[in-house]
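Peer 1: Please find one structure pasted underneath; my questions will follow.
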DNA sequence: CGCTTTCTTCAGAAACTTGTGAAGTTAAGG
DNA sequence: CCTTAACTTCACAAGTTTCTGAAGAAAGCG
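Protein chains in written order, with my numbering: chain A, 5 to 169; chain B, 5 to 169.
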């Protein structure tokens with residue numbers, strides 16, 4: 005077993021998980037570095053790491069960490085916190101927050117809806133193509149509402165299963 | 005108004021829609037050519053085009069059409085049909101089929117679940133990190149079931165609104 | 001059975017993306 | 001107020017991806 009001194013964790017097993025989960029995220033369209041950083045945060049016991057720790061664990065430059073974190077913060081997958089009285093920053097994956105973000109493809113949905121609405125208008129609502137797009141649009145609007153309701157059900161389910169936060 | 009002779013459609017308006025919708029798809033992670041081809045199919049009155057038509061409309065080579073269509077077929081976004089007695093192929097976006105495909109991130113979900121399950125095992129279900137991942141895993145399992153139910157509700161809703169297929 | 005049309009495969013050029021080192025900025029601590 | 005630690009920005013090199021033209025394979029048609 006590969007125990008790094010004093011860590012109490014199998015560093016190699018952690019690394020294997022980080023890389024394999026990151027690979028899945030990449031496949032789903034996330035850029036490589038953000039995916040790796042995110043997986044590293046997810047697998048940390050505190051759910052948080054400093055920039056230096058991430059750089060060391062993943063063998064990447066501070067610049068790469070910086071870029072990855074910017075991406076993750078923008079997409080609300082992680083939050084940044086300054087430890088008071090230090091200039092060290094600490095990046096955290098906040099249980100709830102991030103799958104909210106995942107499902108908040110809302111922004112994406114909204115934009116698709118915008119594009120489709122334009123399409124219906126410019127092709128004409130009375131044309132076959134226009135009708136097809138109107139139906140597609142209706143689907144997205146439907147999904148948008150459904151997702152909100154689903155997340156509410158999840159919160160209830162989660163509290164029952166894992167207890168209150 | 006830019007009417008191309010005999011088409012009965014404003015070619016420029018169609019092109020604007022195609023490019024702007026494709027851009028949204030690209031932003032969401034779809035490769036460029038598949039996105040453009042898909043948007044072109046969506047905006048056609050028949051919901052179907054031949055390879056040559058697509059090449060001409062989008063100003064791309066037959067090779068590019070071929071590649072894009074392969075991608076779209078693999079991801080079940082379009083189906084290919086041979087017109088009988090011809091070697092011309094025709095690519096079609098089948099109303100239902102494609103948003104089923106969209107929500108059939110199922111494959112993706114399954115793989116994420118696999119990676120997470122491994123993570124829980126290798127980090128230990130009794131560690132804080134293990135617990136966090138177990139909860140994440142539970143979330144994905146929850147979503148998977150919910151999506152199936154949602155699609156059933158959509159089919160009902162759709163039939164009410166747009167009538168039977 | 002060979003010609004022709006249509007699609008596919010492939011190698012390579014062009015364009016874009018990504019991660020790095022190095023310089024720059026910000027803010028704590030003396 | 002100067003030093004120094006921590007993060008960010010930037011230009012560029014390396015590595016990918018993407019599209020094309022050209023050659024190749026499949027299949028109708030005469």
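We put the beta carbon where it would ideally sit given N, CA and C, even for glycine. As the structure is a computational prediction, the values presented were derived from the model and not from experiment.
Please name the residue, chosen from B/119, B/50, B/87 and B/39, that lies closest to residue 81 of chain B on a Cα-to-Cα basis.
Peer 2: B/39
Peer 1: Please list the terminal residues of the continuous alpha helix (DSSP H) segment that includes residue 60 of chain B.
Peer 2: Counting along the chain, the unbroken alpha helix (DSSP H) around residue 60 of chain B starts and ends at 55-62.
Peer 1: Residues of the stretch 122-143 of chain A in Cβ contact with chain B at a cutoff of 8 Å, in chain order, please.
Peer 2: 122, 123, 126, 127, 131, 132, 133, 136, 137, 139, 140, 142 and 143
Peer 1: Residue 146 of chain A and residue 117 of chain A - do their beta-carbons sit closer together than 8 Å?
Peer 2: Not in contact: residue 117 of chain A and residue 146 of chain A (Cβ atoms no closer than 8 Å).
Peer 1: Keeping to the same chain, check which residues put their C-beta closer than 8 Å to that of residue 93 of chain A; ignore five residues upstream and five downstream.
Peer 2: 54, 55, 84, 85, 86 and 87
Peer 1: Looking only at DSSP bridge pairs, what is residue 52 of chain B linked to?
Peer 2: B/96
Peer 1: Out of B/165, B/47 and B/71, which has the shortest C-alpha to C-alpha gap to residue 98 of chain B?
Peer 2: B/47
Peer 1: Beta carbons nearer than 8 Å to chain B: which residues of the stretch 62-83 of chain A have them?
Peer 2: none
Peer 1: What residue range does the beta strand (DSSP E) around residue 150 of chain B cover?
Peer 2: Note, residue 150 of chain B: premise wrong, no beta strand (DSSP E); alpha helix (DSSP H) at 132-166.
Peer 1: At a CB-CB cut-off below 7 Å, which residues of chain B make contact with residue 18 of chain A?
Peer 2: 127
Peer 1: Give a yes or no on whether the C-beta atoms belonging to residue 124 of chain A and residue 138 of chain A are separated by under 8 Å.
Peer 2: yes
Peer 1: Can you tell me whether residue 165 of chain B is buried or exposed, with buried defined as 16 or more other CB within 10 angstroms of its CB?
Peer 2: exposed
Peer 1: Beta carbon of residue 79 of chain B, beta carbon of residue 52 of chain B: below 8 Å?
Peer 2: no
Peer 1: Does DSSP classify residue 86 of chain A as helix, strand or coil?
Peer 2: strand
Peer 1: Please tell me whether residue 44 of chain A and residue 58 of chain A are closer than 8 Å, where the distance is taken between their beta carbons.
Peer 2: yes
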